[in-house]
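Structure, as structure tokens:
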Amino acid sequence: MNALLAPRSEMLPMNIHDLDEVLAIEYRVYPFPWGRGNFADSISSGYSCWVCRVGGELVGYLVVMLAVDDAHLLNLGVAEKKQGMGYGARLLRQAMMAGRQGGATSLLLEVRPSNEKALALYRHFGFQQIGVRRGYYPAAQGREDALVLTHPLVELKA
């Protein structure tokens, strides 16, 4: 498709009406997905929750919890068929912007060591590992560790 005719992506605040579409992605891309209650609670708690739509189609989402000086990326998902097209990067930029706007000086996240696509994205953005949470994630065979990554939130240059 001609880039000039391609539908624009738009970042919109997530609301309860988005949850069926969010969950459809969540259940396809994660072996141990969040449930509707996790997302609904995040919205009602005032977390920074966003969806990315392209031509009206929901292609990804994120949830960021803002704390005193830190923003914590709790969830980021991109539809399987839309992975590798830059939407994960767009969502991650949105998470960083939400953290900065909320007064955070860094963005923290956990990621499975086995999630190579996510690790590549975070490393591309310059995230650094600061720790390991042992047995953090449920896994098919017991538990899986989480790598704890962080990135300072400074103004991005255009």
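If you're matching positions, the sequence shown starts at 53 in the numbering used here and goes up one per residue.
We put the beta carbon where it would ideally sit given N, CA and C, even for glycine.
This structure is a prediction, so every number in the text was calculated from the model and none was measured.
DSSP state of residue i mapped onto helix, strand, coil
i      : result
Arg142 : helix
Val115 : strand
Gly183 : strand
Leu64  : strand
Leu161 : strand
Ala150 : helix
Ala191 : strand
Segment limits, beta strand (DSSP E) that includes residue i
i      : result
His124 : 122 to 130
Val106 : 100 to 106
Ala198 : 194 to 204
Own chain, CB closer than 6 Å to residue i, minus 5 neighbours either side, in chain order
i      : result
Leu173 : Gly140
Pro190 : Phe84
Arg195 : Gly187
Ile182 : Val200, Thr202
Ile77  : Gly129, Ala131
Tyr79  : Pro85
Pro59  : Val106, Gly107
Leu160 : Asp122, His124, Thr202
Delimiting residues of the alpha helix (DSSP H) encompassing residue i
i      : result
Gly170 : The question names Gly, but residue 170 is Ala in the sequence shown. 168 to 176 is the extent of the alpha helix (DSSP H) around Ala170.
Asp93  : 88 to 96
Ala82  : First, the residue type needs correcting, since residue 82 is Tyr and not Ala in the sequence shown. No alpha helix (DSSP H) contains Tyr82, which DSSP labels as neither H nor E.
Beta-carbon proximity list for residue i, same chain, < 7 Å, skipping 5 on both sides
i      : result
Gln135 : Lys169
Arg185 : Glu162, Asp197, Ala198, Val200
Leu171 : Val163
Leu75  : Arg88
Gly154 : Ser100, Leu118, Ala123
Asn67  : Ile95
Same chain only: Cβ atoms within 8 Å of residue i, ignoring 5 sequence neighbours per side
i      : result
Tyr99  : Val115, Val116, Met117, Leu118, Leu126
Gln146 : Met63, Trp102, Cys104, Leu114
Gly138 : none
Could you tell me whether the stretch 122 to 136 touches the stretch 94 to 113, using the rule of 3 or more Cβ pairs below 8 Å? yes
Assess, as a yes-or-no matter, whether the stretch 85 to 97 is touched by the stretch 61 to 76 under the definition of 3 or more beta carbon pairs within less than 8 Å. yes
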